[in-house]
Amino acid sequence: MADALTEHPITLPEKPALEGLEAKWGPVWEREGTYRFTPGRPRHEVFSIDTPPPTVSGSLHVGHVFSYTHTDVVARFQRMRGKSVFYPMGWDDNGLPTERRVQNFYGVRCDPSLPYDPSFQPPDKPGKAPISVSRPNFIELCERLTVEDEKAFEALWRHLGLSVDWSLTYATIGKRAQRVSQAAFLRLLRKGHAYQLEAPTLWDVDFRSAVAQAELEDREQPGAYHRLRFGKGDGSFVEIDTTRPELLPACVALVAHPDDARYQPLFDTVVMTPLFGVPVPVKAHPLADPEKGSGIAMICTFGDLTDVIWWRELALPVRAVIQTNGALKPVTFGSEAWPSHDAARAQGAYDQLANLSVTKARTKIVELLRESGDLIGEPRPITHPVKFYEKGDRPLEIVTSRQWFIRTMEFREALLARNRELEWHPEYMAHRLENWVNGLSGDWCVSRQRFFGVPFPVWYPIDQDGHIDYAHPLLPEEAQLPLDPSSDLPAGYGAEQRGQPGGFAGDPDVMDTWATSSLTPQLAAGWPDDPALFAQVFPMDVRPQAHDIIRTWLFTTVLRAELEHGSLPWTNAAISGWVLDPDRKKMSKSKGNVVTPMGLLEEHGSDGVRYWAASGRPGTDTAFDPAQMKVGRRLSIKLLNASRFALLQAEPRGPISEPLDRGMLTQLSRLVADATESLDAYDYARVLERTESFFWGFCDDYLEMVKARRYGDFGPEGAASANSAMLVALEALLRLFAPYLPFVTEEVWSWWRPGSVHRASWPTPAEVVAPIGGEDAGAVAVFKDAQTALADIRRIKAMEKRAVKSVIERAELPKTLEGLTPAARDFQAATHIRALTFGDVEAPRLIFAEEPVKAGESPA
RNA sequence: GGGCGGUUAGCUCAGUUGGUAGAGCUCCGGCUUUACACGCCGGCUGUCACAGGUUCGAGUCCUGUACCGCCCACCA
Numbered sequence: 002m003a004d005a006l007t008e009h010p011i012t013l014p015e016k017p018a019l020e021g022l023e024a025k026w027g028p029v030w031e032r033e034g035t036y037r038f039t040p041g042r043p044r045h046e047v048f049s050i051d052t053p054p055p056t057v058s059g060s061l062h063v064g065h066v067f068s069y070t071h072t073d074v075v076a077r078f079q080r081m082r083g084k085s086v087f088y089p090m091g092w093d094d095n096g097l098p099t100e101r102r103v104q105n106f107y108g109v110r111c112d113p114s115l116p117y118d119p120s121f122q123p124p125d126k127p128g129k130a131p132i133s134v135s136r137p138n139f140i141e142l143c144e145r146l147t148v149e150d151e152k153a154f155e156a157l158w159r160h161l162g163l164s165v166d167w168s169l170t171y172a173t174i175g176k177r178a179q180r181v182s183q184a185a186f187l188r189l190l191r192k193g194h195a196y197q198l199e200a201p202t203l204w205d206v207d208f209r210s211a212v213a214q215a216e217l218e219d220r221e222q223p224g225a226y227h228r229l230r231f232g233k234g235d236g237s238f239v240e241i242d243t244t245r246p247e248l249l250p251a252c253v254a255l256v257a258h259p260d261d262a263r264y265q266p267l268f269d270t271v272v273m274t275p276l277f278g279v280p281v282p283v284k285a286h287p288l289a290d291p292e293k294g295s296g297i298a299m300i301c302t303f304g305d306l307t308d309v310i311w312w313r314e315l316a317l318p319v320r321a322v323i324q325t326n327g328a329l330k331p332v333t334f335g336s337e338a339w340p341s342h343d344a345a346r347a348q349g350a351y352d353q354l355a356n357l358s359v360t361k362a363r364t365k366i367v368e369l370l371r372e373s374g375d376l377i378g379e380p381r382p383i384t385h386p387v388k389f390y391e392k393g394d395r396p397l398e399i400v401t402s403r404q405w406f407i408r409t410m411e412f413r414e415a416l417l418a419r420n421r422e423l424e425w426h427p428e429y430m431a432h433r434l435e436n437w438v439n440g441l442s443g444d445w446c447v448s449r450q451r452f453f454g455v456p457f458p459v460w461y462p463i464d465q466d467g468h469i470d471y472a473h474p475l476l477p478e479e480a481q482l483p484l485d486p487s488s489d490l491p492a493g494y495g496a497e498q499r500g501q502p503g504g505f506a507g508d509p510d511v512m513d514t515w516a517t518s519s520l521t522p523q524l525a526a527g528w529p530d531d532p533a534l535f536a537q538v539f540p541m542d543v544r545p546q547a548h549d550i551i552r553t554w555l556f557t558t559v560l561r562a563e564l565e566h567g568s569l570p571w572t573n574a575a576i577s578g579w580v581l582d583p584d585r586k587k588m589s590k591s592k593g594n595v596v597t598p599m600g601l602l603e604e605h606g607s608d609g610v611r612y613w614a615a616s617g618r619p620g621t622d623t624a625f626d627p628a629q630m631k632v633g634r635r636l637s638i639k640l641l642n643a644s645r646f647a648l649l650q651a652e653p654r655g656p657i658s659e660p661l662d663r664g665m666l667t668q669l670s671r672l673v674a675d676a677t678e679s680l681d682a683y684d685y686a687r688v689l690e691r692t693e694s695f696f697w698g699f700c701d702d703y704l705e706m707v708k709a710r711r712y713g714d715f716g717p718e719g720a721a722s723a724n725s726a727m728l729v730a731l732e733a734l735l736r737l738f739a740p741y742l743p744f745v746t747e748e749v750w751s752w753w754r755p756g757s758v759h760r761a762s763w764p765t766p767a768e769v770v771a772p773i774g775g776e777d778a779g780a781v782a783v784f785k786d787a788q789t790a791l792a793d794i795r796r797i798k799a800m801e802k803r804a805v806k807s808v809i810e811r812a813e814l815p816k817t818l819e820g821l822t823p824a825a826r827d828f829q830a831a832t833h834i835r836a837l838t839f840g841d842v843e844a845p846r847l848i849f850a851e852e853p854v855k856a857g858e859s860p861a
């Protein structure tokens with residue numbers, strides 16, 4: 002048959018091997034532009050990926066290899082289906098990890114009040130005292146350092162075989178990222194979706210910055226209930242439990258449940274705080290839990306988020322004592338804010354607390370309360386969850402400060418509707434976002450009191466008295482972006498007016514890192530400067546990411562796309578699990594169980610490691626398992642050798658007439674149909690499993706049974722049928738495996754097919770059965786019976802410890818296997834059966850040609 | 001407290017619309033077989049977490065329970 006497969010010459014290596022394939026093919030792919038995105042194609046011919054940008058100041062670990070492989074499999078599949086794949090790589094160099102690394106590496110500190118110094122060069126080695134540099138200089142240093150990190154990352158990704166288009170890279174710092182972040186922010190501001198407010202805010206006292214709800218985590222901390230008594234004025238007392246006695250001076254009310262009969266008589270009466278003699282009202286509120294403590298609680302400004310709710314809903318005054326550094330600020334009793342029945346005593350007590358940290362103040366006040374007799378009994382130790390900033394070391398406080406917010410609360414319904422529109426893989430992950438949106442308690446606080454990050458592109462006028470007029474911000478034109486209000490000037494002002502009465506002041510804050518990360522689709526897709534590219538790739542097809550950052554990255558990206566574009570940012574969210582160590586714990590550095598990815602790739606081969614990764618099902622945490630990598634490596638080697646066998650003697654060729662050949666191809670076409678459907682649904686693990694399973698059957702049963710015929714034992718027509726079928730199967734199998742094992746499949750492809758397998762078209766069921774004129778279900782039945790009988794014969798030979806090639810003079814098989822008759826010749830050749838009959842027997846009855854191997858055992 | 005996922009062989013996991021329990025690894029035994037000893041063939045191993053229910057029939061569907069894990073929560 003003069004088919005297309007013979008047009009290309011076949012060149013086979015003597016001894017094929019996996020070693021060196023990464024080094025061989027990586028440069029070829031780069032040179033040939035195999036993975037290059039083609040601009041200009043219409044949206045429906047594009048598959049675009051919102052690649053997660055790894056944090057470059059960190060290090061890549063096996064978890065990255067795991068999840069990025071999943072994305073790459075999908076990318077390769079879509080490319081083979083004919084899509085132009087937009088597969089960029091981002092570098093996340095924004096945020097605290099980079100800030101710290103740059104500080105330490107160069108020995109510098111950022112001082113946003115300094116002007117930009119274009120000639121600044123950092124010292125070769127960091128000095129003892131940190132050098133202060135301007136924010137623009139600091140960002141330059143960051144970009145310089147991360148370039149080195151990015152090179153190492155890229156080398157690893159290339160070695161792993163990610164089919165990223167390396168001409169499409171972006172960063173989350175630098176001018177472009179700032180321009181996008183600032184432009185998006187200004188648009189929100191002009192639409193009224195961003196606003197500024199002075200309000201109680203979650204505050205990290207070490208970072209001295211506000212943090213957002215999404216950045217919180219609970220940690221179990223030791224604490225203690227302290228029972229305090231408040232005087233009712235008639236000589237009797239009411240007792241409350243608190244874990245934060247140091248906030249007693251910040252107490253503004255007591256609260257109990259409206260239905261709590263014990264405290265109903267006290268509602269709207271006034272009681273006196275111990276030590277300080279501050280009169281506070283007793284209030285009723287449904288959030289008070291009668292079961293907790295004594296059933297009545299003190300409200301402080303602010304001990305926790307419940308205090309904020311009570312304070313707001315009960316319209317209570319503010320008596321803040323925690324400063325931004327976490328110490329208690331000095332206050333004056335007898336003042337308007339701190340009335341007291343005994344101001345001198347109150348001040349005497351408080352002066353011992355002022356300027357102490359929270360923990361020291363707690364110890365001190367317990368001492369004072371014990372002396373005064375207001376502490377009832379001793380503190381009862383408990384363990385309770387306390388809110389922390391996820392990167393912080395001390396519990397969060399709540400501090401009143403001016404912050405920027407992006408509206409989220411009023412868009413909750415819209416976001417829930419978008420969530421229903423989004424296709425999640427696996428589907429159940431949608432609950433995570435739904436729960437998070439339903440649980441939102443406030444708008445998104447996006448400002449951070451850090452130096453490094455994207456500045457808010459905003460200035461404020463300063464009036465003649467030197468007061469900053471926050472209500473009338475000075476905004477730039479979008480064309481001016483990016484800018485830094487600490488060095489750039491608002492229109493109509495001169496540099497000498499900075500900070501002067503009648504002049505202006507730049508907004509000192511920077512944006513939350515998620516304010517930039519939430520724009521990765523826009524950042525990668527050229528928004529707002531390249532509308533053609535943007536239209537070609539946005540909304541993107543898929544966001545791949547892990548499940549732990551659904552509430553942060555995924556949520557904020559959906560929010561930003563809704564607010565800016567009124568659409569989803571992508572149509573699919575593919576969620577990958579974590580890599581767990583064999584003890585089922587998350588792999589982590591601190592546990593010392595992290596393996597370097599490059600070492601793994603070198604030991605098991607990239608294809609071997611990818612095999613392990615791709616066997617982890619979407620959303621499912623997967624055990625780190627080198628044994629699976631060895632299996633993947635073995636599969637790759639098998640692919641080399643089986644391909645070599647198929648190609649070793651590819652002539653003669655001709656019509657595929659033999660039932661085993663036709664049955665095998667029919668099964669393969671069904672596999673192709675299933676694989677295509679599953680990959681469309683992101684179920685890459687299933688496809689690998691099915692394809693692998695077929696392939697082993699192909700090698701162990703099909704190839705073994707057609708071997709003799711293929712070598713010409715039954716004439717040229719039989720050989721031609723086998724050869725042609727094998728090549729059709731091989732060509733399809735290589736393409737099915739290509740997304741998973743890109744190196745070995747490319748190697749084999751290069752022996753006999755032109756171009757790259759990764760640019761070849763994805764196989765279709767019709768194409769596989771075309772040479773046999775469509776599916777041949779009858780041949781499948783023949784193949785299956787032959788396989789069953791083959792296993793039976795092999796079992797008997799193994800049990801009797803006979804050689805595989807030992808000859809069987811006569812065999813009688815159960816009638817249930819009679820279906821193999823059309824392939825009897827192949828079957829008998831593979832099993833070395835001379836005469837074959839079928840009868841009413843349960844199991845095969847075999848008469849071997851020679852005497853049994855074991856002495857004393859009679860022939861069957 | 002709310003939500004989600006899981007529980008199948010010693011280990012890691014498949015099991016598509018209900019129809020006689022599977023794979024790989026491990027372990028054991030065998031085989032120099034003209035693609036592969038980086039190989040091949042075979043064997044052992046299960047009250048499908050538990051209790052009910054629906055059904056001719058349940059690993060699969062329904063209800064409940066237990067345990068593991070994750071996410072969330074206003075945690076005095």
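So the mapping is simple: this note's numbering equals the position in the first sequence, first residue as 1, plus 1.
Every residue gets a Cβ at the ideal spot worked out from N, C-alpha and C, and that includes glycine.
- The residue from TYR685, ASP793, ARG645 with its alpha-carbon nearest to that of ALA76 is TYR685.
- The beta carbon of PRO743 sits closer than 6 Å to those of GLY162, all from its chain and outside the five residues before and after it, given in chain order.
- Measuring C-alpha to C-alpha distances from THR558 to each of SER577, GLU748, ALA525 identifies ALA525 as the nearest.
- Selection PRO40, THR667, THR692 evaluated against SER679 yields THR692 as nearest (Cα-Cα).
- PHE849 places its beta carbon 9 Å or farther from that of LEU661.
- By the C-beta density criterion, HIS65 is buried, having at least 16 other C-beta atoms within 10 angstroms.
- For GLU199, no alpha helix (DSSP H) run applies; the uninterrupted beta strand (DSSP E) run containing it begins and ends at 195-205, by DSSP.
- The beta-carbon distance between LEU416 and LEU560, rounded to whole angstroms, is 6 Å. This is short enough to meet the 8 Å contact definition.
- Judged by DSSP secondary structure, TYR612 falls within the alpha helix (DSSP H) whose first and last residues are 607-615.
- Closest option to VAL447, judged by alpha-carbon separation, among LEU146, ASP513, THR170: ASP513.
- MET410 sits exposed, since fewer than 16 C-beta atoms from the chains shown fall within 10 Å of its C-beta.
- Straight-line measurement puts the Cα of VAL769 at about 10 Å from the Cα of ALA674.
- Under the three-state reduction of DSSP, VAL332 is assigned to coil, being neither helix nor strand.
- For THR677, the enclosing alpha helix (DSSP H) starts and ends at 660-681.
- By the CB criterion at 9 Å, GLN197 and LEU482 fall outside the cutoff.
- Under the 8 Å Cβ criterion, the stretch 351-370 does not count as touching the stretch 280-299, having fewer than three qualifying pairs.
- Shown here, THR409 sits in coil according to DSSP, grouped into three states, outside any helix or strand.
- Taking a contact as a CB-CB distance under 8 Å, the pair LEU735 and TRP750 counts as one, their CB atoms being some 6 Å apart.
- Counting C-beta pairs closer than 8 Å gives three or more between the stretch 131-144 and the stretch 105-113, which meets the contact rule.
- Going by beta carbons, ALA726 and GLU652 fall outside the 9 Å limit.
- SER807 has its alpha-carbon roughly 48 Å from the corresponding atom of LEU581.
- The residue among HIS342, MET800, ALA480, THR307 with its C-alpha nearest the C-alpha of PRO287 is THR307.
- PRO89 sits close to THR52, with the two beta carbons spaced by under 9 Å.
- The Cβ neighbour count for HIS468, taken over all protein chains shown within 10 Å, is under 16; the residue is labelled exposed.
- LYS284: not part of any alpha helix (DSSP H); member of the beta strand (DSSP E) spanning 280-285, first to last residue.
- Under the three-state reduction of DSSP output, PRO382 falls in the strand class.
- The C-beta of ALA844 has fewer than 16 other C-beta atoms within 10 Å across all chains shown, which makes the residue exposed.
- For LEU276, the closest alpha carbon among the candidates LYS293, LEU317, GLN353, ARG263 is that of GLN353.
- Just measuring C-alpha positions, the residue of MET599, HIS385, ILE657, PHE48 sitting nearest HIS160 is MET599.
- Counting the other CB atoms within 10 Å of its CB gives ILE383 a total below 16, which places it among the exposed residues.
- Counting along the chain, HIS71 sits inside the alpha helix (DSSP H) bounded by residues 63-81.
- Counting the other Cβ atoms within 10 Å of the Cβ of GLY128 gives fewer than 16, which makes it exposed.
- Within the stretch 175-252, the complete alpha helix (DSSP H) runs of at least 4 residues fall at 176-192.
- Scanning its chain for C-beta atoms nearer than 8 Å, with the 5 sequence neighbours on each side dropped, one finds around GLY500 the residues ILE463, ALA506, in chain order.
- For the pair THR270 and LYS293, the CB atoms are not nearer than the 9 Å cut-off.
- Here SER607 is buried. Its C-beta has 16 or more other C-beta atoms within 10 Å.
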